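Numbering (this note's numbering), first residue to last: 1 to 287.
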Amino acid sequence: MSDELNGVPATQIEETGRAIDNDALADAYGRALMLEKAGERDEAIAAWRDVLALDPADHGGATIRLAALGAETPPRRMPDAYVETLFDQHAAAFDDILVEQLGYTVPVLLAEALRKAAPGPYARGLDLGCGTGLTGGALAEFVETFIGLDISEAMVAEADERDVYDGLYVAEAEDFLENIGEAEDDFGLIVATDVLPYIGDPSRLFSAMAGKAAAGAIIGFSTESFEAGEDEPGYRVLPTHRYAHDPDYIAEELEKAGLNLLYNPVITVRMEQGNPAPGYLFLARKS
């Protein structure tokens, strides 16, 4: 899926609390994108900073592009406004782009991992970043009651059409888990396929997962991978503008959250320009 946006939503004016010159923003975004593609690094960096100045909420993902260019330290996670806008714009064509064009099979691979290492069954499951419901369909055999959650309202609408969930929410995953309280019972299975590529530091997510996981629950998710250098953080922003994680770093963060690593096979997450994007599946169990 391309991370380039097709335009700037008018709702920015309401969301940022001040008027934004959408024409100026569209021009600035187009210029920054052109310079980046042309390999004009310094000029592109300045142009992306201009974009961010026009749109502090960062619907265009300027902070991530600056990090990918090595101009800024990677943020802990991608801006919510960017992720929501990106997936709202791609929702209608999402399955075709991800499955047919990019060869994405992580939900199927996760189902295979569960059959091998933790088949359940599970009374209650939670699919974080459910998208159009690909994972919900792949894991239906394991879960009696399945809840889906996504930050993109358009994605949730597509998932509703697929009719594989017993309930759907529009929310950011970490906020949802931390604030759901007693409104939902704890979950025996929590999955997050293709969520970590949008979150650099997973410590808050893992802690929140553990907080709503029942004793002995299984946590399953995927990552794109790299091997961190001695002084490098456990995550980085790739040229594709997605996060990759060092598997040892992920294992350490799981342990800190009270989640015991159970199974983590190497996988191909998807294809990028004809080349396989390496990654891992992780299954962990709450103590």
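Heads up, the beta-carbon is just placed ideally off N, CA and C, and yes, glycines get one too.
In this text the structure is predicted, and so the values were computed from the model without any measurement.
Asked, Found
"Separation of Leu177 from Ala208, as counted between CA atoms", "6 Å"
"Touching by the beta-carbon criterion (3+ pairs, under 8 Å), the segment 98–107 and the segment 69–76", "no"
"Neighbourhood of Glu36 by C-beta distance below 6 Å, restricted to the same chain and skipping five residues each side", "Ala44"
"N- and C-terminal bounds of the beta strand (DSSP E) containing Gly279", "275–286"
"Leu254 beta carbon less than 7 Å from that of Leu262", "no"
"Alpha-carbon to alpha-carbon, Leu110 and Val266", "12 Å"
"The segment 214–223 in contact with the segment 147–164 per 3-pair CB rule at 8 Å", "no"
"Residue range of the beta strand (DSSP E) that includes Ala213", "213–224"
"C-alpha distance - Glu172 paired with Ala53, whole-angstrom precision", "24 Å"
"Pairwise C-alpha distance: Asn275 and Gly129", "25 Å"
"Which of helix, strand or coil DSSP assigns to Leu259", "strand"
"Separation of Lys286 from Lys116, as counted between CA atoms", "18 Å"
"DSSP three-state assignment for Tyr243, whether helix, strand or coil", "strand"
"Short CB-CB distance (under 7 Å) between Leu109 and chain C", "In summary, chain C is missing from the structure at hand, where a single protein chain is found."
"Three-state secondary structure (DSSP) of Ile190", "strand"
"Runs of alpha helix (DSSP H) wholly within the segment 111–170 (minimum 4 residues, chain order)", "134–138, 153–162"
"Where Glu272 falls: helix, strand or coil (DSSP)", "strand"
"Residue burial classification, Leu281 (beta-carbon count within 10 angstroms, cutoff 16)", "buried"
"Which residues DSSP lists as bridging Ile199, in chain order", "Arg77"
"At least 3 beta-carbon pairs within less than 8 Å: the segment 112–126 vs the segment 89–98", "no"
"Backbone secondary structure at Ile20 - three-state DSSP", "coil"
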